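The sequence shown lines up with residues -28 to -1, 1 to 422 when you count with mature numbering (1 follows the signal peptide of the UniProt record, and there is no 0).
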Amino acid sequence: MASSFSRSSLFFLVGAVIFFFLLNTSLAEIRSTEIRSDSRSTIPFDEFGFTQSGRLNLTITRISFSNSKPQLHLSQLGFYLCTRDSWAQVVQQLQDGDIQCPLRSQHIKPVFNFNHLKPDHNPTLHSFEVSDASVKVSDANLFTLLFSNCVPDLEVSMDVHSVMYNFNPKTGQLDFLSAGKTCLPLVYFLFFLAYLAMAAVWVYTLYNNRLTAYKIHFFMLSVVILKALNLLCEAEDKSYIKRTGAAHGWDVLFYLFSFLKGITLFTLIVLIGTGWSFLKPYLQDKEKKVLIIVIPLQVVANVAQVAIDETGPFGHNSDTWKKVFLLVDILCCCAVLFPIVWSIKNLREAAKVDGKAAVNLMKLTLFRQYYIIVISYIYFTRVVVYALETITSYKFQWTGPVAAELATLAFYLFTGYNFRPKVQNPYFAIDDEEEEAAAEQLKLEDEFEL
Ligand SMILES: *[C@@H]1O[C@H](CO)[C@@H](O)[C@H](O)[C@H]1NC(C)=O
């Protein structure tokens, strides 16, 4: 069992690492998209929060059409920027029949109309030369870059390369991070320092209690260190994107550490939940099964996360990946709760047979607290953070990641504090009075089936 378990996890690990390196490195806020024989009337490309001094550079290459006489309708095709509110107005105008094509609406910000295209030297191919467009954006807002094709049944092929950035007049530098995300490198770096301090405190605690420390305490140290490294890579990745618009390989390291951190954190929750090395030295078969389910699911979740991040908000299949991620994430979160529930049940049963009611009550209380904290942590980082990201304005897009990181920090602190190695085992320092009171309470709980 043990050997097949480690072999399968090794297999997944190697597979995931290969996957990360096969990925073509992220183009981040500079995005290239290939459109091939596409007849969609509207294609969204990317979203960006501009400040008062924003700019969009757009390069369109390898343009060709399915229709033999595209020259007739070129003005019906084009790129433009649109905010969410103005898009609602455009849709209203289309519904009312005021306009036939979004390109005619006064609510959009035109970027490039195809009637400026110059035919290629070879007219039989219906293809066109490279086209560049550069527009200044001076109204600070969250804009989406869209393409509309208002000619029925006309299929378009092209390569689109878009660069969006803000100019920071204070520093004189370009900033390729969207307006609400520009402080994220600093945020991640500060959290990295927090985890570094936490790891230092933990090493100190382990050293002082080296006689009472269990294996799991060293595992907890590795989880904190991986989390710190993950944050450092994320800070460096984001700061590189901020300066150059591209990730330069930092994203690969970031994904690698995210993956290791995700696996170790879930494993830790399961191990603590089972009471491994606190209550018993070995895992039961059903507890190992939980790990065997959770670890591959984490691999899938990470692959989905990479696919979502790399393809951008409107990328190919990005909706499917989001659904996969959500499903897998929910499954993982549910799976890690089982061992805690089993432990609580076992402790309650043990309390009835061996006379040590006070000890068992203490452990029981600790495990119940842990159960509630795990649920709150999962709920907060999934639901509350999602809500925060959805309802806050684009200028405050950093609040979602900050809330998630704060909740994670609190969760690490709680886990570390409650399951820290202790100088003297408090379970033995209990007098008879406390013992009786605990026995009484356990009996009461039994009656009410709490
Ligand atoms: C965008 O285009 C403008 C005008 O062509 C140019 O001056 C600027 O350097 C370009 N910016 C980037 C980041 O390529």
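Cβ atoms here follow ideal geometry from the backbone N, Cα and C, with glycine treated the same way.
Since this is a predicted model, take the numbers as computed values, not measurements.
Buried or exposed by the 16-neighbour rule on C-beta atoms within 10 Å, applied to residue 18: Stepping through the sequence shown from its first residue, residue 18 is reached at position 46. Per the 10 Å Cβ criterion, buried.
DSSP beta-bridge partners of residue 145: Start at 1 with the first residue of the sequence shown, and residue 145 comes out as number 173. 140, per the DSSP bridge assignment.
C-beta contact flag for residue 21 and residue 211 at 9 Å: Position 49 of the sequence shown, counted from the first residue, corresponds to residue 21. Position 239 of the sequence shown, counted from the first residue, corresponds to residue 211. Cβ atoms of residue 21 and residue 211: not closer than 9 Å.
Cα-Cα separation between residue 111 and residue 154, rounded to whole angstroms: Start at 1 with the first residue of the sequence shown, and residue 111 comes out as number 139. Start at 1 with the first residue of the sequence shown, and residue 154 comes out as number 182. Near 18 Å, if we compare the C-alpha coordinates of residue 154 and residue 111.
Endpoints, the beta strand (DSSP E) within which residue 71 is located: Reading the sequence shown from its first residue, position 99 is the one you call residue 71. Premise fails: residue 71 is in no beta strand (DSSP E) and is neither H nor E.
Where the beta strand (DSSP E) containing residue 81 begins and where it ends: On the sequence shown, residue 81 is found 109 positions in, with the first residue counted as 1. In the DSSP annotation of this structure, the continuous segment of the beta strand (DSSP E) that includes residue 81 starts and ends at 81 to 85.
Residue 199 classed as buried or exposed, judged by whether at least 16 other C-beta atoms fall within 10 angstroms: Sequence index remark: in the sequence shown, residue 199 carries index 227 (1-based). Buried is the call here.
Residues near residue -2 in its chain [Cβ-Cβ closer than 7 Å; skip 5 each side]: The count along the sequence shown starts at 1 and reaches residue -2 at position 27. Residue confidence for residue -2 is low, a pLDDT of 42 falling below 50, so the modelled location carries little weight and cannot support an answer.
Residue 212 CB to nearest heavy atom of ligand 1 below 8 Å: Taking the first residue of the sequence shown as 1, we reach residue 212 at position 240. Every heavy atom of ligand 1 is 8 Å or more from the Cβ of residue 212, so no.
Proximity to residue 178 [Cα-Cα], best of 167, 166, 191: One-based indexing of the sequence shown puts residue 178 at position 206. Nearest of 167, 166, 191 to residue 178, Cα basis: 191.
Rounded C-alpha distance that separates residue 257 from residue 308: The sequence position of residue 257 within the sequence shown is 285, counting from 1. The sequence position of residue 308 within the sequence shown is 336, counting from 1. Taking the Cα positions, residue 257 is about 15 Å away from residue 308.
Residue 214 burial status per 10 Å Cβ neighbour count (16 or more: buried): Reading the sequence shown from its first residue, position 242 is the one you call residue 214. Residue 214 is buried by the Cβ-count criterion.
DSSP state of residue 16 mapped onto helix, strand, coil: Here residue 16 refers to the residue found at position 44 when the sequence shown is read from its first residue. In this structure, residue 16 counts as strand in the three-state DSSP scheme.
Proximity test, residue 104 beta-carbon vs ligand 1 heavy atom, cut-off 8 Å: Taking the first residue of the sequence shown as position 1, residue 104 is located at position 132. Yes, the beta carbon of residue 104 sits closer than 8 Å to at least one heavy atom of ligand 1.
Own chain, CB closer than 6 Å to residue 123, minus 5 neighbours either side, in chain order: Residue mapping note: residue 123 aligns to position 151 of the sequence shown, counting from 1. Cβ contact annotation for residue 123 (same chain, cutoff 6 Å, sequence separation greater than five): 45, 48, in chain order.
Buried versus exposed, by CB contacts within 10 Å (16 or more), residue 173: The residue you call residue 173 lines up with position 201 of the sequence shown. Burial check for residue 173: the Cβ neighbour count within 10 Å stays below 16, so the residue is exposed.
Beta-carbon gap between residue 27 and residue 137 smaller than 9 Å: In the sequence shown, the residue the question calls residue 27 occupies position 55. In the sequence shown, the residue the question calls residue 137 occupies position 165. Closer than 9 Å, so yes.
Any non-hydrogen atom of ligand 1 within 8 Å of residue 117 CB: Walking along the sequence shown from the start, residue 117 turns up at place 145. No, since every heavy atom of ligand 1 falls outside the 8 Å radius drawn around the Cβ of residue 117.
Beta-bridge pairing of residue 248 - partner residues as DSSP gives them: As a first step, residue 248 is located in the sequence shown; it is residue number 276 there, counting from the start. Answer by DSSP bridge pairing, in chain order: 252.
Simplified DSSP assignment, three categories, for residue 133: Residue 133 sits at position 161 when you count from the first residue of the sequence shown. Per DSSP, reduced to three states, the secondary structure at residue 133 is strand.
Three-way DSSP call (helix, strand, coil) for residue 354 in this model: What you label residue 354 is simply residue 382 of the sequence shown in a count that begins at 1. Here residue 354 sits in helix by DSSP.
DSSP-derived helix/strand/coil call for residue 186: Here residue 186 refers to the residue found at position 214 of the sequence shown. In the three-state reduction of the DSSP assignment, residue 186 falls in the coil class, being assigned neither a helical nor a strand state.
Residue 232 versus residue 364 - alpha carbon distance: Here residue 232 is taken as the residue at index 260 of the sequence shown, counted from 1. Here residue 364 is taken as the residue at index 392 of the sequence shown, counted from 1. Cα to Cα, the separation comes out at about 31 Å.
Per DSSP, the bridge partner or partners of residue 52: Position 80 of the sequence shown, counted from the first residue, corresponds to residue 52. BP columns for residue 52 point to 82, 118.
Proximity winner among 274, 286, 310, relative to residue 297 (alpha-carbon distances): Looking up residue 297 in the sequence shown gives position 325. If we check each option's Cα against that of residue 297, 274 comes out closest.
C-alpha distance - residue 410 paired with residue 170, whole-angstrom precision: By 1-based counting over the sequence shown, the position of residue 410 is 438. By 1-based counting over the sequence shown, the position of residue 170 is 198. One C-alpha to the other measures close to 34 Å.
Extent of the continuous beta strand (DSSP E) to which residue 105 belongs: Translated into positions along the sequence shown, residue 105 becomes position 133. Residue 105: member of the beta strand (DSSP E) spanning 103 to 109, first to last residue.
Extent of the continuous alpha helix (DSSP H) run through residue 281: Position 309 of the sequence shown, counting from 1, holds the residue named residue 281. Taken as a continuous stretch (DSSP letters only), the alpha helix (DSSP H) holding residue 281 covers 257 to 283.
Residue 138: CB within 8 Å of a non-hydrogen atom of ligand 1: In the sequence shown, the residue the question calls residue 138 occupies position 166. Every heavy atom of ligand 1 is 8 Å or more from the Cβ of residue 138, so no.
CB of residue 7 within 9 Å of CB of residue 132, strictly: Mapped onto the sequence shown, residue 7 falls at position 35. Mapped onto the sequence shown, residue 132 falls at position 160. In this structure, residue 7 sits near residue 132, with a CB-CB distance shorter than 9 Å.
Cα-Cα separation between residue 88 and residue 134, rounded to whole angstroms: Walking along the sequence shown from the start, residue 88 turns up at place 116. Walking along the sequence shown from the start, residue 134 turns up at place 162. It is roughly 18 Å from the alpha-carbon of residue 88 to the alpha-carbon of residue 134.
Option in 367, 166, 81, 119 with minimal Cα separation from residue 380: Working through the sequence shown from its first residue, we reach residue 380 at position 408. Taking each of 367, 166, 81, 119 in turn and checking the Cα distance to residue 380, the smallest one comes out for 166.
Any non-hydrogen atom of ligand 1 closer than 8 Å to residue 196 Cβ: Along the sequence shown, read from residue 1 onward, the residue named residue 196 stands at position 224. Residue 196 Cβ: outside cutoff for every heavy atom of ligand 1.
Residue environment, residue 125, which counts as buried when at least 16 other CB atoms sit within 10 Å: Residue mapping note: residue 125 aligns to position 153 of the sequence shown, counting from 1. Label assigned to residue 125: exposed.
Boundaries (first-last residue) of the beta strand (DSSP E) holding residue 31: Here the question's residue 31 lines up with position 59 in the sequence shown. That run of the beta strand (DSSP E) goes 26 to 37.
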